[in-house]
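Asks: Pasting a structure below so you can have a look.
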Amino acid sequence: MPEGPSVRKFQLLTSPFVGQVVAKVGGSSRKINVNDLNALRLQDSQVHGKNLYLAFVAAEDPLGPTEEEALLQRETASEASSPAQGGQEQVCAPQIHLQEEGELQELLCSRSEAPDAAEGPGNWLRFHFGLFGSIRANEFSRANKANKRGDWKDPVPRLVLHFESGGFLVFYNCRMHWCSSPRADPASDILSVEFHRGQALDALRAADPICYTLLDQRYFSGLGNIIKNEILYLAKIHPLTPGSLLALSDLERLLDCAVQFSSDWLHSKLRGKGLHPQIYQKEQCPLGHAVMKETLGPSGGFKRLTWWCPQCQPVVLSGDGNPSLGTE
Ligand SMILES: [Zn+2]
0 MPEGPSVRKF QLLTSPFVGQ VVAKVGGSSR KINVNDLNAL RLQDSQVHGK
50 NLYLAFVAAE DPLGPTEEEA LLQRETASEA SSPAQGGQEQ VCAPQIHLQE
100 EGELQELLCS RSEAPDAAEG PGNWLRFHFG LFGSIRANEF SRANKANKRG
150 DWKDPVPRLV LHFESGGFLV FYNCRMHWCS SPRADPASDI LSVEFHRGQA
200 LDALRAADPI CYTLLDQRYF SGLGNIIKNE ILYLAKIHPL TPGSLLALSD
250 LERLLDCAVQ FSSDWLHSKL RGKGLHPQIY QKEQCPLGHA VMKETLGPSG
300 GFKRLTWWCP QCQPVVLSGD GNPSLGTE
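Following numbering that gives the first Met the number 0, the numbering of the sequence shown begins with 0 at its first residue and continues without gaps.
In structure tokens, the structure reads:
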């Protein structure tokens, strides 16, 4: 298996193509749909350990804000105006305005401490090289000896990326997977084929409110505030429900929603399509019920605006008949 230095060399071969758009694809890989890479822009190339990571983005409108950046900008604005009641009036009072700015600053600071890739699924392709794995730039590998049958057969590339400049990259003997971030542990990465469901279920079963656990990047890297809100709505679970009160089947369903929603989002992102949230930043759920909004998070921890529908996501009663909420 190529060690770190060889993988560094592979990265050097890829770096001249960073910023370029994929014009044509080829290759024999069945792990990913190679055609998904068509017309995407290679945005970044990184090495971590023995893996090479290439980031791809939809090629259109490279300078415009991405859909989740736009959504987050609105969330920040919304957070800034939510602490005080009466929304617009307070903007006129200068002292409150200053205080508001301070709060906004605080929010922005706490946001910058948030783990990477906390918003939306990533679009990183992870390459793991087999014993004879390699990358070539602008040339194909040629057979240097005949095989047992006496044929001079060239190695079959797993992936070929032709770029708009006319240059190309060829990948041999490697495994490829989409993932959320180069720093994510594959076992906790909801986009990774190595995502460990058992470990995730154990985390969700804790007595903590389920919406806190979902944002814990130790168990759910790649899962951010938008995904949290959407999957709790899809699974019809109230955000403050302690995980310990939910049936295993409910937790399984929530995990299914997380994995499905994230991979659907990734694929629509790669096709340059927008996200259409059902509950995130909405005033009504798709069934027309009024949506609740509150900033929720562990005490002393990172708090995020949370939207839920009290009718579609009812409060769960604990065994003694008391609502599980409102005790703090
Ligand atoms: Zn509803």
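Using N, Cα and C, we set each Cβ at its ideal position, and we do this for glycine too.
Quick one: residues in its chain with C-beta nearer than 7 Å to the C-beta of VAL192, no 5 flanking neighbours on either side, listed in chain order?
Replies: So the qualifying residues of the chain are HIS176.
Asks: With a Cβ-Cβ cutoff of 8 Å, do TYR211 and GLN312 count as a contact?
Replies: no
Asks: Which residue from LEU244, THR240, PRO185, GLN19 puts its Cα closest to that of GLN216?
Replies: PRO185
Asks: Grouping DSSP H, G and I as helix and E and B as strand, with all else coil, what is PRO285?
Replies: coil
Asks: Sort out for me which residues DSSP pairs TRP177 with in a bridge.
Replies: LEU124
Asks: Give me every residue whose Cβ sits closer than 7 Å to any heavy atom of ligand 1, in chain order.
Replies: CYS284, LEU286, HIS288, CYS308, GLN310, CYS311
Asks: Within 10 angstroms of its Cβ, does HIS237 collect 16 or more other Cβ (buried), or is it exposed?
Replies: buried
Asks: Going by other Cβ atoms of all chains shown within 10 Å of its Cβ, with 16 needed for buried, is GLY86 buried or exposed?
Replies: With a pLDDT of 39 at GLY86, under the threshold of 50, the predicted position of this residue should be treated as unreliable, though the coordinate-derived value follows. So GLY86 counts as exposed.
Asks: GLY242 and ALA206: beta carbons closer than 8 Å?
Replies: yes
Asks: Once the 5 residues before and after GLN310 are set aside, which same chain residues still bring their CB inside 7 Å of it?
Replies: HIS288
Asks: With 16 other CB atoms within 10 Å as the buried threshold, where does PHE139 fall?
Replies: The residue is exposed, with fewer than 16 neighbouring Cβ atoms inside 10 Å.
Asks: Could you tell me which residues DSSP pairs with GLU293 in its beta bridges?
Replies: THR305
Asks: Have a look at VAL169 and LEU245 and give me their C-alpha separation to the nearest angstrom.
Replies: 48 Å
Asks: Quick one: grab the DSSP three-state call for PHE16.
Replies: helix
Asks: Could you give the C-beta distance for ASN50 and ARG125, rounded to a whole number, given that I count them as a contact under 8 Å?
Replies: Here ASN50 really is in contact with ARG125; their C-beta atoms are around 5 Å apart, less than 8 Å.
Asks: Taking only the alpha-carbon atoms, compute the straight-line gap between ASN122 and VAL20 and give it to the nearest angstrom.
Replies: 15 Å
Asks: Using a Cβ-Cβ cut-off of 7 Å (strictly less than) and excluding sequence neighbours within five positions of ALA58, which residues of its own chain qualify?
Replies: VAL20, ALA38, LEU39, ARG40
Asks: What does DSSP give as the partner residue(s) for PHE55 in the beta ladder?
Replies: LEU41
Asks: Could you pull the start and end residues of the beta strand (DSSP E) that LEU160 belongs to?
Replies: 158-162
Asks: Please state whether DSSP places LEU213 in a helix, a strand or coil.
Replies: helix
Asks: Could you please give the first and the last residue of the uninterrupted alpha helix (DSSP H) stretch that includes ALA202?
Replies: 196-203
Asks: Could you have a look at PHE139 and say whether DSSP puts it in helix, strand or coil?
Replies: Note: PHE139 maps to coil in three-state DSSP.
Asks: Roughly how many angstroms separate the alpha carbons of THR240 and VAL315, rounded to a whole number?
Replies: 6 Å
Asks: Is ASP263 helix, strand or coil when you go by DSSP?
Replies: helix
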